[in-house]
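J.: Got a structure here, written out as structure tokens. Questions coming.
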DNA sequence: AATTGGCACTCGAAGAGGTAGAGTGCTAAT
DNA sequence: ATTAGCACTCTACCTCTTCGAGTGCCAATT
């Protein structure tokens, strides 16, 4: 799409005005606010052409224009200029993320929290998918006769535990031995290569009958696999209710209904990021309006990005806001949150 | 408050009608729906007296009556008759709660989930406060030089872990030794009796300089204390948007804004349950309308109850719905969820 | 004394007009 | 190519009216 210079200016002005007022913008008010050196009639002609190109549209015959999804897309791709965050914003984000942190998940949660606070929109963060991380330790210990604790430590510094039932008569030593053998043979294996069969074959020369052993190993296996579950942090849903686009209750209901299923939203974002055309430079990803295939989010945009944990793992973080949003500002905020999060994770894990 | 028989019937009929229609109920429609053997004029007189008693009120002069908070209270305390859950409901709750469970927290989350689904309202569940539980195991193990994993096991079957930094030169054996000593001296102590001083005094005769030791012990202490944090599960907020009482966006916004701070809601419920006059028989607790001191919840009611983990620990579970709700039905649902949850927790932990 | 029929009155919900204002597209002039 | 001018179009908002469900009170009845 290549527009002549003035058309670009007009489109940009329309998007800017509409974003700040949420009212359709007409030729006259466009003249008033921006200093175009042409008359409103000329702008009307330009606007008619922009409409023909599908970049803007009228809610009804005698109303001003609003950007279409395509218009926003054009704006985002080639019109907007990047925002520079204020020192205050940066400070706020930094302190927000590093506030009372014990584990990586605290950082991620804090990042989501901060992002929702500074943007005023819904924030979304996914913990990294751990299939690529490898097992570094696996310990089983007796808690009381018949119960044992399995602790799994992964390369990313992630720890998962589970209390499992074991046959009553097993001794501490036996458990210890089994645990050692399993650990020895699985250590260093990526999570997605560990199957029930790999676990079982780890223990060949134990004096225990197979049936018992299998029970224990199954539990160990489940514990390992449990580590693979992603957590989702979704915050600030209620903030969307304040926006004029959701003043009709039904829209708001649909929107919040969809967002309530955080697993679904997470799945969508993860899919986006896995086959993502935008993200060549490991930058942000943007989806606008109808580009989003979730129900009730037709008036929204996603801005998401990727953060890293160690060398191989990555998670997603970003926001869901109205498509009528200050893209440049929000993008810089998301970007800065990502940088800060990356730094803090590095600090915490090394 | 002692009402004559007919007044009771009238109040009950008004509550029932208003709950099902959400429209103010007038004398005429009251006659139509229920078979009172008096005329509408008589009912009008009765209603005027009920209004004088503060049990019902008019939204405006020429409208029907709606129950006041006091009216609902009277209804709940002495008018309503208990509901019997259908087999289908019970089945649904049972399978909902015991679905794919690994830990106690899974049960609690499932219970919250199920409760929101069957009631159609917001559900709330708090994990038990663990201050009364005692430490059963504490293990520290080296992950790599400079990093150790601390695992704390509590009596309730709760496990918490944390990766901590340790001085680089510490050996596996040293860590093991410290961990053993701390464990030996803290084992069996309730969480709220463990302070930084108790932790420190546990290790007297180690050949390590105090400053190092203190660092490690501090981390152990933090890990233990971290176990004391409550988790909150709050689900189904968006369902309230469908109710007529929240069709005005501002109310809905206030409501969801308050509910977004789940820590605050949790604190409120916990306080309720700790100095709770209702709960003599360890039954449910009900708060109606203005009795609730949280902003934006004036049109809501809480119905909460207590579930048990082991002998000493207890958590809370319940719902937040409109005060115009089918109390009898919802109470039985909450009660059945509590019973089922108790059973399942017992099954899981013994 | 309690109940009832009747009646005047009240108030909100809902629909019907009417107007103002911000927009548009088109045409003819520059 | 641009612009001034004009007729036209729609919505948002206001007012007015009507309708109906409801009330309170009074006088008659049981």
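Residue numbers (this note's numbering), protein chains in the order written: chain D, 1 to 350; chain H, 1001 to 1350.
Every residue, glycine too, gets a C-beta built ideally from N, C-alpha and C.
#1: I'd like to know if residue 359/D contacts chain H, where contact means its C-beta is closer than 9 angstroms to some C-beta of that chain.
#2: For residue 233/D versus residue 156/D, is the C-beta spacing smaller than 9 angstroms?
#3: For residue 1220/H, count neighbouring Cβ atoms within 10 angstroms of its own Cβ and tell me buried if that reaches 16, exposed if not.
#4: With 9 angstroms as the threshold, decide whether the Cβ of residue 238/D is near any Cβ in chain H.
#5: With 16 other CB atoms within 10 Å as the buried threshold, where does residue 168/D fall?
#6: Note down, in chain order, every chain H residue with its Cβ under 8 angstroms from the Cβ of residue 149/D.
#7: Can you tell which of 1240/H, 1333/H, 1170/H has its C-alpha closest to the C-alpha of residue 1209/H?
#8: Quick check on the DSSP output: the beta strand (DSSP E) that includes residue 161/D runs from which residue to which?
#9: Quick one: what does DSSP say residue 336/D is sitting in, helix, strand or coil?
#10: Would you give the residue range spanned by the beta strand (DSSP E) that residue 1123/H belongs to?
#11: Establish whether the CB of residue 1102/H and some CB of chain D are separated by less than 9 angstroms.
#12: Would residue 1332/H pass as a contact of residue 1082/H if the rule is Cβ separation under 9 angstroms?
#13: Within this structure, are the beta carbons of residue 1066/H and residue 1121/H separated by less than 9 angstroms?
#14: Quick check: the stretch 1099-1114 of chain H against the stretch 1285-1303 of chain H, are there 3 or more CB pairs under 8 angstroms?
#15: On the premise that residue 1159/H lies in contact with residue 1138/H, defined as a C-beta separation below 8 angstroms, what is that separation, rounded to the nearest angstrom?
#16: Under the assumption that residue 1256/H contacts residue 238/D (Cβ atoms under 8 angstroms), give the Cβ distance between them as a whole number of angstroms.
#17: Contact between the stretch 1086-1102 of chain H and the stretch 1020-1037 of chain H is defined here as three or more beta-carbon pairs at a separation below 8 angstroms; is this criterion met?
#18: Let's test the definition: count the other Cβ atoms within 10 Å of the Cβ of residue 1084/H and tell me whether it reaches 16, buried, or not, exposed.
#19: If we cut at 9 angstroms on Cβ distances, does residue 222/D have a partner in chain H?
#20: Could you tell me the distance, in whole angstroms, from the CA atom of residue 1089/H to the CA atom of residue 1118/H?
#21: So if I threshold CB-CB distances at 8 angstroms, which residues from the stretch 247-272 of chain D count as touching chain H?
#22: Go ahead and label residue 123/D buried or exposed: buried means 16 or more other beta carbons lie within 10 angstroms of its beta carbon, across all protein chains shown.
#23: Judging by CA-CA distance, which residue of 1041/H, 1323/H, 1063/H, 1071/H is the nearest neighbour of residue 1052/H?
#24: From residue 92/D to residue 329/D, what does the alpha carbon distance come to, in whole angstroms?
#25: For residue 1345/H and residue 1104/H, what's the separation of their Cα atoms in angstroms?
#26: Should residue 1318/H be labelled buried (16 or more other beta-carbon atoms within 10 Å of its own) or exposed?
#27: Which residue spans inside the stretch 130-216 of chain D form an unbroken alpha helix (DSSP H) run of at least 4?
#28: I want to verify the contact list: residues of chain H whose CB lies under 9 angstroms from the CB of residue 162/D, in sequence order.
#29: Exposed or buried, what is residue 1074/H when buried is set at 16 or more other beta-carbons lying within 10 Å of its beta-carbon?
#30: Straight-line CA distance for residue 303/D to residue 327/D?
#31: In chain D, which residues lie with their C-beta within 7 angstroms of the C-beta of residue 1242/H?
#32: Does residue 292/D come out as helix, strand or coil in the three-state DSSP assignment?
#33: Could you tell me which residues DSSP puts in a beta bridge with residue 305/D?
#34: Using a 10 Å radius around the Cβ and a threshold of 16 neighbouring Cβ atoms, would you call residue 1165/H buried or exposed?
#35: Is the CB of residue 226/D under 9 angstroms away from at least one CB in chain H?
#36: Quick one: list the residues of chain D neighbouring residue 1047/H, beta-carbon separation under 8 angstroms, in chain order.
T.: On the basis of the data shown:
#1: Since the first and last residues shown for chain D are 1 and 350, residue 359/D lies out of range.
#2: Here residue 233/D corresponds to residue number 233 of the first chain, with the count starting at 1. Here residue 156/D corresponds to residue number 156 of the first chain, with the count starting at 1. No, Cβ-Cβ distance for residue 233/D and residue 156/D is not below 9 angstroms.
#3: Taking the second chain and counting its residues from 1, the one referred to as residue 1220/H is at position 220. That one is buried.
#4: Counted from its first residue, the first chain places residue 238/D at position 238. Closer than 9 angstroms to some Cβ of chain H, the Cβ of residue 238/D qualifies, so yes.
#5: For this step, residue 168/D is matched to residue 168 along the first chain. Classification of residue 168/D: exposed, given that the 10 Å Cβ count is below 16.
#6: Looking up residue 149/D in the first chain gives position 149. Those are 1137, 1151, 1153, 1159, listed as they occur along chain H.
#7: Working through the second chain from its first residue, we reach residue 1209/H at position 209. Here the closest residue by C-alpha is 1170/H.
#8: In the first chain, the residue the question calls residue 161/D occupies position 161. Start and end: 159-165.
#9: The residue you call residue 336/D lines up with position 336 of the first chain. Reduced to three states, the DSSP call for residue 336/D is helix.
#10: Taking the second chain and counting its residues from 1, one reaches residue 1123/H at position 123. Segment 1122-1126, the beta strand (DSSP E) holding residue 1123/H.
#11: Here residue 1102/H corresponds to residue number 102 of the second chain, with the count starting at 1. Residue 1102/H counts as touching chain D.
#12: Along the second chain, one-based indexing puts residue 1332/H at 332. Along the second chain, one-based indexing puts residue 1082/H at 82. Cβ atoms of residue 1332/H and residue 1082/H: closer than 9 angstroms.
#13: Position 66 of the second chain, counted from the first residue, corresponds to residue 1066/H. Position 121 of the second chain, counted from the first residue, corresponds to residue 1121/H. The answer is no: Cβ separation not under 9 angstroms.
#14: no
#15: One-based indexing of the second chain puts residue 1138/H at position 138. One-based indexing of the second chain puts residue 1159/H at position 159. So it is not a contact: roughly 11 angstroms between Cβ atoms.
#16: As a position in the second chain, residue 1256/H is number 256, starting the count at 1. As a position in the first chain, residue 238/D is number 238, starting the count at 1. About 4 angstroms; that satisfies the 8 angstroms criterion.
#17: no
#18: On the second chain, residue 1084/H is found 84 positions in, with the first residue counted as 1. Per the 10 Å Cβ criterion, exposed.
#19: To locate residue 222/D, count along the first chain from 1; it is residue 222. Closer than 9 angstroms: yes.
#20: Translated into positions along the second chain, residue 1089/H becomes position 89. Translated into positions along the second chain, residue 1118/H becomes position 118. When rounded, the distance between both Cα atoms is 7 angstroms.
#21: 247, 249, 252, 253, 256, 257, 259, 260
#22: As a first step, residue 123/D is located in the first chain; it is residue number 123 there, counting from the start. The residue is buried, with at least 16 neighbouring Cβ atoms inside 10 Å.
#23: Locating residue 1052/H in the second chain gives position 52, where the first residue counts as 1. Measuring from the Cα of residue 1052/H, the nearest candidate turns out to be 1071/H.
#24: As a first step, residue 92/D is located in the first chain; it is residue number 92 there, counting from the start. As a first step, residue 329/D is located in the first chain; it is residue number 329 there, counting from the start. One C-alpha to the other measures close to 15 angstroms.
#25: Within the second chain, residue 1345/H is the residue found at index 345, counting from 1. Within the second chain, residue 1104/H is the residue found at index 104, counting from 1. Answer to the nearest angstrom: the Cα atoms are 7 angstroms apart.
#26: Here residue 1318/H is taken as the residue at index 318 of the second chain, counted from 1. So residue 1318/H ends up on the buried side.
#27: 172-186, 196-201
#28: Locating residue 162/D in the first chain gives position 162, where the first residue counts as 1. Under the 9 angstroms cutoff, chain H gives 1102, 1103, 1159.
#29: Reading the second chain from its first residue, position 74 is the one you call residue 1074/H. Buried, because 16 or more other Cβ atoms sit within 10 Å of the Cβ of residue 1074/H.
#30: Within the first chain, residue 303/D is the residue found at index 303, counting from 1. Within the first chain, residue 327/D is the residue found at index 327, counting from 1. Distance between the alpha carbons of residue 303/D and residue 327/D: 9 angstroms.
#31: For the purposes of this step, residue 1242/H is taken as the residue at position 242 of the second chain. Here the neighbours are 253.
#32: Here residue 292/D is taken as the residue at index 292 of the first chain, counted from 1. If DSSP states are grouped into helix, strand and coil, residue 292/D belongs with coil.
#33: Working through the first chain from its first residue, we reach residue 305/D at position 305. For residue 305/D, which the question treats as bridged, DSSP gives the partners 317/D.
#34: Translated into positions along the second chain, residue 1165/H becomes position 165. Residue 1165/H comes out exposed.
#35: Counting from one through the first chain, the residue named residue 226/D turns up at place 226. Yes, because at least one Cβ of chain H sits closer than 9 angstroms to the Cβ of residue 226/D.
#36: As a position in the second chain, residue 1047/H is number 47, starting the count at 1. Within chain D, no residue comes near residue 1047/H; the closest Cβ sits about 32 angstroms away, beyond 8 angstroms.
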